[in-house]
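Trainee:
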Amino acid sequence: MLDLRFVRENPEIVKQNIRNKFQDQKLPLVDEVIALDEENRRVKKEADDLRANRNKVSKSIGMLMGQKKFDEAEAAKKLVNEQAEKLAECERREEELNEKIKKIMMTLPNIIDPSVPIGKNDSENVEVQRYGEPVVPDFEIPYHTDIMERFCGIDLDSARRVAGNGFYYLMGDIARLHSSVISYARDFMINRGFTYCIPPFMIRSDVVTGVMSFAEMDAMMYKIEGEDLYLIGTSEHSMIGKFIDQILPENELPYTLTSYSPCFRKEKGAHGIEERGVYRIHQFEKQEMIVVCKPEDSKAWFDKLWQNTVDLFRSMDIPVRTLECCSGDLADLKVKSVDVEAWSPRQKKYFEVGSCSNLGDAQARRLRIRVKGEDGKNYLPHTLNNTVVAPPRMLIAFLENNLCEDGTVKIPEVLRPYMGGQSVLVPKK
RNA sequence: GGAGAGGUAUCGAAGCGGUCAUAACGGGGCUGACUCGAAAUCAGUUUGUGGGAAACCACACGAGGGUUCGAAUCCCUCCCUCUCCGCCA
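Mapping to the numbering used here: the first sequence position 253 is 414, numbers consecutive.
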């Protein structure tokens with residue numbers, strides 16, 4: 162969501178940005194919206210003048226009535242009535258134009274950061290840096306659900322009977338491991354100065370449209386029947402939504418929060434063989450971090466945020482890399498985004514375990530989140546979000562990287578306090 | 001689920017067809033005075049959004065409609081919040 166004034170004053174920047182994102186079909190929308198805006202301002206001026214006149218005459222009628230000059234009052238009424246139809250027509254046109262403008266503005270992509278690599282789709286994302294040695298052991302690493310089954314740690318059959326494909330029962334040590342990771346990640350972020358928060362797991366539609374594009378909404382969000390409520394796809398939704406319609410005191414910035422929630426996603430469409438098991442599911446749990454900050458600080462915060470995830474995974478000895486999202490793969494609301502990917506010794510490649518995004522002022526504009534500046538003027542803050550860890554998917558990386566040849570799984574030092582002191586998990590079968 | 005009350009700026013709250021929406025009154029914030037400094041006190045200042053170079057204009061009293069020359073105020077529909085009762089982790 163861009164500022165309309167910005168579009169009006171910088172049409173070439175907006176168009177080049179659209180080309181950079183390979184959305185050329187949206188190019189005509191820029192001139193279209195500028196023309197609509199011009200007409201809208203003209204119509205608005207006319208309507209404003211008519212309304213100003215009506216207000217003036219109406220006020221005088223009140224005075225005339227008070228002075229009991231009824232004849233003059235009647236004459237004034239006639240005058241207002243003569244212009245009523247013209248005003249009504251202007252107002253209809255205003256409404257129509259506003260709607261058209263809003264619709265276009267919702268589809269124009271946010272201006273990407275100059276540092277974002279230009280590319281058509283996810284195949285052109287760019288590796289930034291690797292952390293830790295991606296080891297391939299000389300024994301075979303089974304599929305993650307097979308590892309879990311050795312520990313009697315997963316029951317997908319029952320899950321399918323109860324809820325269908327895309328759900329799981331985690332059992333025993335594997336379930337405990339899942340909870341341990343969440344607890345550890347929570348404390349990890351608290352130690353880095355973030356405020357822990359447990360948010361609502363359902364949100365209203367106006368919050369949904371504020372935090373994501375329509376395309377994403379349709380593909381992701383579960384709606385509660387008969388109510389204006391949606392299950393959150395990530396706690397980012399309720400956490401950024403927390404600030405809807407607020408004017409925030411500048412001295413309270415930045416807000417740095419870490420939240421826990423289950424996440425619900427439709428995951429529409431078919432997915433590949435590598436996305437079975439607990440990789441892509443309708444319900445999972447996640448520790449998230451969000452930041453609301455001054456515009457000038459968002460770039461620095463962006464780098465701090467993804468670094469937290471890298472550090473967390475490294476503290477559990479999982480090799481990771483950062484992958485910069487290219488222009489064509491970047492969601493329309495985002496200014497810049499980096500995925501954190503974990504090493505899979507089985508697939509001998511990295512796979513996504515987290516995503517860090519700088520939304521610029523796009524979410525703030527949609528949600529009407531403002532900051533009262535020192536000079537008394539309000540401005541839009543920037544919003545950022547990043548995955549701390551999403552345990553089900555993280556467990557895949559965890560099990561594959563910590564599996565020993567004898568079938569046991571090492572528990573990293575940092576997780577042991579959360580696992581009752583165990584240093585190793587021994588298979589049950 | 002039943003009954004009741006209510007939604008007005010940063011907060012509490014008055015207004016209940018025109019002379020109180022540049023929103024009374026109070027709190028908070030900011031500025032100044034007093035003070036070595038602070039508290040207290042006193043004075044001033046402080047809604048948002050859009051249009052305009054500016055003067056200024058328009059819009060917004062939960063949302064949307066209607067009545068009217070004119071609606072915070074009257075009518076209709078919907079949403080939300082609170083209190084009590086019921087039910088229940």
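We treat Cβ as the ideally placed atom computed from N, Cα and C, and that holds for glycine.
How would you write the range of the beta strand (DSSP E) that Q444 sits in, first residue to last?
Mentor: Q444 to C454 is the extent of the beta strand (DSSP E) around Q444.
Trainee: If you check the beta carbons only, do W504 and P275 fall under 8 Å apart?
Mentor: Not in contact: W504 and P275 (Cβ atoms no closer than 8 Å).
Trainee: Which runs of the beta strand (DSSP E) at least 3 residues long sit entirely within the segment 283 to 357? Give them in chain order.
Mentor: Whole beta strand (DSSP E) segments, 3+ residues: 287 to 292.
Trainee: Any idea if F231 is buried or exposed, counting beta-carbon neighbours within 10 angstroms, 16 or more meaning buried?
Mentor: By the neighbour-count rule (16 or more Cβ atoms within 10 Å), F231 is not buried but exposed.
Trainee: Write down the C-beta distance between E449 and N546 rounded to the nearest angstrom, noting that I regard them as a contact closer than 8 Å.
Mentor: Confirmed, Cβ separation roughly 6 Å.
Trainee: So, does the segment 338 to 350 touch the segment 541 to 559, judging by three or more C-beta pairs under 8 Å?
Mentor: A contact exists between the segment 338 to 350 and the segment 541 to 559.
Trainee: Terminal residues of the continuous alpha helix (DSSP H) containing G371?
Mentor: Residues S366 to V372.
Trainee: My guess is that I179 and K187 are in contact by the Cβ rule of under 8 Å, so how many angstroms apart are they, rounded?
Mentor: At roughly 5 Å, the Cβ-Cβ gap stays under 8 Å, so I179 and K187 are in contact.
Trainee: How big is the Cα-Cα spacing for M378 and V372?
Mentor: For M378 and V372, the distance between alpha carbons rounds to 9 Å.
Trainee: Quick test of your reading: V549 and L560, contact by CB under 8 Å. State the CB separation rounded to the nearest angstrom.
Mentor: With 8 Å as the limit, V549 and L560 do not qualify as a contact, their Cβ atoms being about 19 Å apart.
Trainee: Alpha carbon to alpha carbon, how far is M580 from D192?
Mentor: Between M580 and D192, the C-alpha separation is close to 60 Å.
Trainee: Since G515 is in the beta strand (DSSP E), which residue starts that stretch and which ends it?
Mentor: Its beta strand (DSSP E) spans residues K510 to N519.
Trainee: Using DSSP's beta-bridge definition, name the partner residues of D500.
Mentor: L484 and S516.
Trainee: Tell me which residues share the same chain as Y540 and place their Cβ nearer than 8 Å to its Cβ, disregarding the 5 neighbours each side in the sequence.
Mentor: For Y540, where only same-chain residues beyond five positions count, the Cβ hits under 8 Å are P456, R531, V532 and G534.
Trainee: Please list the terminal residues of the continuous alpha helix (DSSP H) segment that includes H543.
Mentor: Segment H543 to V550 is the beta strand (DSSP E) holding H543; no alpha helix (DSSP H) there.
Trainee: Kindly identify the DSSP beta-bridge partner or partners of P423.
Mentor: E446.
Trainee: Use the C-beta contact count for R475: other C-beta atoms within 10 angstroms, 16 or more gives buried, fewer gives exposed.
Mentor: When all chains shown are included, R475 counts as exposed.
Trainee: For M224, I'd like the list of residues in its chain whose CB is within less than 6 Å of its CB, leaving aside the five on either flank, ordered along the chain.
Mentor: Contacts found: none.
Trainee: Who are V277's beta bridge partners in DSSP?
Mentor: Partner(s): none; V277 has no beta bridge.
Trainee: Give me, in chain order, the residues of the same chain whose beta-carbon lies closer than 8 Å to that of E252; leave out the 5 immediate sequence neighbours on both sides.
Mentor: Cβ neighbours of E252 beyond the five flanking positions: A208.
Trainee: Determine the contact status of N352 and I479, defining contact as a CB-CB distance below 8 Å.
Mentor: No, these two residues do not count as a Cβ contact at 8 Å.
Trainee: Report yes if the CB atom of N469 is closer than 8 Å to the CB atom of M350, and no otherwise.
Mentor: Cβ distance < 8 Å, so N469 and M350 count as in contact.
Trainee: I'd like to check one pair, D493 with N271: are the Cβ atoms closer than 8 Å?
Mentor: Yes, these two residues count as a Cβ contact at 8 Å.
Trainee: According to DSSP, is Y609 helix, strand or coil?
Mentor: Examination of residue 609 is not possible in this model, given that the chain is present from 162 through 590 alone.
Trainee: Roughly how many whole angstroms lie between the Cα atoms of I315 and Y304?
Mentor: Cα to Cα, the separation comes out at about 13 Å.
Trainee: Can you grab the Cα-Cα spacing for the pair G293 / V585, in whole Å?
Mentor: Going from the Cα of G293 to the Cα of V585 covers about 22 Å.
Trainee: Please name the residue or residues paired with T138 in a DSSP beta bridge.
Mentor: No answer is possible for residue 138: the residues shown for the chain start at 162 and end at 590.
Trainee: If you drop the 5 nearest sequence neighbours on each side, which residues of the same chain put their C-beta closer than 7 Å to that of F355?
Mentor: Answer for F355: T417, L418, T419 and M450, listed in chain order.
Trainee: Who are the Cβ neighbours of R169 in its own chain at under 7 Å, not counting the five residues just before and after it?
Mentor: I195 and D198.
Trainee: Roughly how many angstroms lie between the CA atoms of K460 and G325, to the nearest whole one?
Mentor: Cα to Cα, the separation comes out at about 42 Å.
Trainee: Cutting at 6 Å between CB atoms, please list the residues of its own chain near A523, excluding the five before and the five after it.
Mentor: Around A523: M162, N271 and L494.
Trainee: Rounded to a whole number of angstroms, what is the C-alpha to C-alpha distance between E255 and N519?
Mentor: Taking the straight line from one Cα to the other gives about 34 Å.
Trainee: Quick check on the DSSP output: the alpha helix (DSSP H) that includes V471 runs from which residue to which?
Mentor: Taken as a continuous stretch (DSSP letters only), the alpha helix (DSSP H) holding V471 covers S459 to S476.
Trainee: Buried or exposed: where does V287 fall if 16 or more other Cβ atoms within 10 Å of its Cβ makes it buried?
Mentor: Exposed, because fewer than 16 other Cβ atoms sit within 10 Å of the Cβ of V287.
Trainee: Counting along the chain, where does the beta strand (DSSP E) carrying I408 start and finish?
Mentor: That run of the beta strand (DSSP E) goes I408 to P410.
Trainee: Between the C-alpha atoms of A236 and L248, what's the straight-line distance to the nearest angstrom?
Mentor: Using only the alpha carbons, I get a separation of about 19 Å.
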